[in-house]
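J.:
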Amino acid sequence: MNSHHDVNPASVLRFGPYAFHLRQRLILEGDRPLRMGGRALDILQVLVERAGRVVSKAQLIALVWPTSVVEEINLRVHIAALRRALRDGENAQRYIVNVPQRGYSFIAPVHYDNTAQVVFEHLHAPQHNLPARLTPVTGRDSLVGSLVRQLPLCRMMTITGPAGVGKTTVALRVAELLLEHFCDGVWRVDLAAFDDSAPLLEAVLNTLETDFAGLTQRHALLVLDNCEHLRERCQALLQCLLEAAPRLSVLATSREALQVSLETLQPLRPLTVPKSSQLISVEEAMNYSAVQLFVSRARTRQQGFVLREQDLKAVCDICRRLDGLPLAIELAVTQIDALALVGLQAQLGNCLQLLSHGRRTAVPRHQTLKAALDWGYQGLDDAEKSALQRLSVFPKTFTLDDALAVITCANLPPHVLVAVVAQLVAKSLLCVERGSGMPRYRMLNTTRSYARELWLLRTERADIEQRYARYTCRFSEVQLAV
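Numbering (the numbering used here) for the sequence shown: 1121 to 1602.
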């Protein structure tokens, strides 16, 4: 970033015990250099050069990230890092204050020193192997901010959720914002391509370019992505790492909890969608994150795309029927040129076929929704596969008693089915709705379509569907009698 004030590039900006050497991009406290990332330095330079004035958040973002799309949470995280580095709140003097509804202001006296010189080797940029983020992360600001605050205080966090909900996206965004916190970098190991024979510890050591003795001394964040298919081996790996490397933190993604000591779970919900009964305006619809994502991605396909009143019903219906799943919405939007909104909505009855055209540049399991669902289904045992298919007979929510009455069989006796339902919940294939009465279960529409497609190939499906019809008929008669 270039200087945004008429300051000699060789000058030093002094405030409190600090000297900001602009040419060297270095801040010294006495003779001690402060570890600070490039973006944080950019923000500080803008504020210090305008000391005593309020700089709006929009202006800060425009100056520091002139060619990028950046969320406000990114700015807040860097401001928090600056305050920590400058010991804000630990002594009597404050430096950066938030002016509500206006922006930020640097309030300490600043002195310009054009004579001071310093020769100091530039601090290394934060080390990482994170992929470049090509699009903004929609609808996750609050959660990402919460995770960024939590993770430095806990050693092990696992983001869980169903296929396509955006676990990897959130984990990488959190990791990106924590680059400046971990002295020895942020490193991602994607386990999706690993099989049961792959040496996991060796992969971690190779990624961090160290040996085990060196790893035990690292202050780093390890992102273990897509752990579910190697769950038991991940448990052993993590137990070893967390015990041997006290300054190592781990952020994992998995469709189910890894159940290791120190693990904090963060379930990831789908994006918010309007209820079908709601009559809302375009402005109200744009408050729902699923609609925001749809519109954002549609604009990348059709320049100038705007959500209009006449399109509102179709867009909200599409987002609802795709469960607010980011992957499903993004894949659906790729068809908007060919089908238009009305055609896209009409094709949702066969959503798996619709979502079979994906991103060729994505990893295989994210190229189509079916591939993402296949990825999880292949890890189920026979009882879980059978139960998932049979439960697709329920078009809406159901209780455990409903399931026991309709789908039990010789291979799924009641005691087995109870356990299997719990396992499907743990693996993010069933959702639980808890109210004042008995818990109710449901499948996401996309999961049900996938299971239903497999179920239609089974010979015993006619018997189960007849049992379901008789059961619902009896239930309706009881309700009428009451």
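Every residue, glycine too, gets a C-beta built ideally from N, C-alpha and C.
#1: Could you pull out every residue in the same chain whose Cβ sits closer than 6 Å to the Cβ of S1512, ignoring the five residues on either side in sequence?
#2: Would you call the region 1527 to 1543 and the region 1495 to 1505 in contact, with 3 or more CB pairs under 8 Å?
#3: What is the rounded straight-line gap between the Cα of N1407 and the Cα of Q1398?
#4: Looking at the structure shown, is E1376 part of a helix, part of a strand, or coil, going by DSSP?
#5: State buried or exposed for N1326, treating a residue as buried only when at least 16 other CB atoms are found within 10 Å of its CB.
#6: Which value, in whole angstroms, describes the spacing of the CA atoms of M1156 and Q1179?
#7: At 3 residues or longer, what runs of the beta strand (DSSP E) sit wholly inside the region 1253 to 1338?
#8: Does DSSP put R1590 in a helix, in a strand, or in coil?
#9: Note down the Cα distance separating P1282 from L1202, rounded to an integer number of angstroms.
#10: Within 10 angstroms of its Cβ, does R1222 collect 16 or more other Cβ (buried), or is it exposed?
#11: Here's the rule: buried if 16 or more other CB atoms are within 10 angstroms of the residue's CB, otherwise exposed. What is V1526?
#12: Quick one, which of L1520, L1328, G1469 and L1451 has its alpha-carbon nearest T1488's?
#13: What runs of the alpha helix (DSSP H), each 4 residues or longer, lie entirely inside the region 1497 to 1555?
#14: Roughly how many angstroms separate the alpha carbons of A1466 and N1249, rounded to a whole number?
#15: Could you please give the first and the last residue of the uninterrupted alpha helix (DSSP H) stretch that includes A1139?
#16: According to the Cβ coordinates, are N1218 and L1297 closer than 8 Å?
#17: Looking at the structure shown, is A1201 part of a helix, part of a strand, or coil, going by DSSP?
#18: With DSSP as the reference, label V1190 as helix, strand or coil.
#19: Measuring alpha carbon to alpha carbon, tell me which of R1562, L1371 and L1350 ends up nearest V1306.
#20: Give me the Cα-Cα distance between L1524 and R1428, rounded to the nearest whole angstrom.
#21: Alpha carbon to alpha carbon, what distance is there between V1285 and M1563?
#22: Under 6 Å Cβ to Cβ from V1230, same chain only, skipping five residues before and after it: list those, please.
#23: Taking just the CA atoms, how far does I1584 sit from Q1509?
#24: Flag this pair as touching only if the region 1357 to 1369 and the region 1333 to 1343 have three or more C-beta atom pairs under 8 Å; answer yes or no.
#25: Return the Cβ separation of I1456 and L1464 in integer angstroms, given the expectation that the two are a contact with Cβ distance under 8 Å.
#26: Using a Cβ-Cβ cutoff of less than 7 Å, which residues in the same chain neighbour V1552 once the five nearest sequence positions on both sides are dropped?
#27: According to DSSP, is S1416 helix, strand or coil?
#28: By Cβ distance, which residues of its chain are closer than 6 Å to P1272, with the 5 residues on each side in sequence left out?
#29: For K1516, does the count of other Cβ atoms within 10 angstroms reach 16, so buried, or fall short, so exposed?
#30: Could you give the DSSP three-state label for E1383: helix, strand or coil?
T.: So, from the listed chains and residues:
#1: What you label residue 1512 is simply residue 392 of the sequence shown in a count that begins at 1. Correct list, in chain order: R1568, A1571, R1572 and W1575.
#2: yes
#3: Walking along the sequence shown from the start, residue 1407 turns up at place 287. Walking along the sequence shown from the start, residue 1398 turns up at place 278. Those two C-alpha atoms are separated by around 13 Å.
#4: In the sequence shown, the residue the question calls residue 1376 occupies position 256. Looking at E1376 - three-state DSSP - the assignment turns out to be coil, as it is neither helix nor strand.
#5: The residue given as residue 1326 occupies position 206 in the sequence shown. By the 10 Å Cβ count, N1326 comes out exposed.
#6: Within the sequence shown, residue 1156 is the residue found at index 36, counting from 1. Within the sequence shown, residue 1179 is the residue found at index 59, counting from 1. Going by the C-alpha atoms only, they are around 21 Å apart.
#7: 1276 to 1280 and 1306 to 1310
#8: In the sequence shown, counting from the first residue as 1, residue 1590 sits at position 470. Of the three classes helix, strand and coil, the one that applies to R1590 here is helix, per DSSP.
#9: Within the sequence shown, the letter at position 162 stands for residue 1282. Within the sequence shown, the letter at position 82 stands for residue 1202. Roughly 36 Å between the two C-alpha positions.
#10: By 1-based counting over the sequence shown, the position of residue 1222 is 102. Exposed is the call here.
#11: The sequence position of residue 1526 within the sequence shown is 406, counting from 1. It is buried - the Cβ of V1526 has at least 16 other Cβ atoms within 10 Å.
#12: On the sequence shown, residue 1488 is found 368 positions in, with the first residue counted as 1. Nearest of L1520, L1328, G1469 and L1451 to T1488, Cα basis: L1451.
#13: 1502 to 1511, 1520 to 1527 and 1534 to 1546
#14: Walking along the sequence shown from the start, residue 1466 turns up at place 346. Walking along the sequence shown from the start, residue 1249 turns up at place 129. So the alpha carbons of these two residues sit roughly 42 Å apart.
#15: Here residue 1139 refers to the residue found at position 19 of the sequence shown. From DSSP, A1139 is part of no alpha helix (DSSP H) but of the beta strand (DSSP E) over Y1138 to H1141.
#16: If you number the sequence shown from 1, residue 1218 lands on position 98. If you number the sequence shown from 1, residue 1297 lands on position 177. No, these two residues do not count as a Cβ contact at 8 Å.
#17: Here the question's residue 1201 lines up with position 81 in the sequence shown. The answer is helix: DSSP assigns A1201 an H, G or I state.
#18: If you number the sequence shown from 1, residue 1190 lands on position 70. DSSP places V1190 in coil when its eight states are reduced to three.
#19: Along the sequence shown, one-based indexing puts residue 1306 at 186. For V1306, the nearest C-alpha among the options comes from L1371.
#20: Position 404 of the sequence shown, counting from 1, holds the residue named residue 1524. Position 308 of the sequence shown, counting from 1, holds the residue named residue 1428. For L1524 and R1428, the distance between alpha carbons rounds to 46 Å.
#21: Here residue 1563 is taken as the residue at index 443 of the sequence shown, counted from 1. Here residue 1285 is taken as the residue at index 165 of the sequence shown, counted from 1. C-alpha separation (whole angstroms): 14 Å.
#22: Counted from its first residue, the sequence shown places residue 1230 at position 110. Same-chain partners within the cutoff: L1133, F1135, V1168 and A1171.
#23: Residue numbering aside, residue 1509 sits at position 389 when the sequence shown is read from its first letter. Residue numbering aside, residue 1584 sits at position 464 when the sequence shown is read from its first letter. Cα to Cα, the separation comes out at about 11 Å.
#24: yes
#25: For the purposes of this step, residue 1456 is taken as residue 336 along the sequence shown, with counting starting at 1. For the purposes of this step, residue 1464 is taken as residue 344 along the sequence shown, with counting starting at 1. Indeed, because the Cβ distance is near 6 Å, the residues count as touching under 8 Å.
#26: Residue 1552 sits at position 432 when you count from the first residue of the sequence shown. The answer, listed in chain order, is V1545, P1559 and Y1561.
#27: For the purposes of this step, residue 1416 is taken as the residue at position 296 of the sequence shown. Three-state DSSP puts S1416 in a helix.
#28: The residue given as residue 1272 occupies position 152 in the sequence shown. Around P1272: H1301.
#29: Counting from one through the sequence shown, the residue named residue 1516 turns up at place 396. Exposed.
#30: Numbered from 1 along the sequence shown, position 263 holds the residue referred to as residue 1383. Strand.
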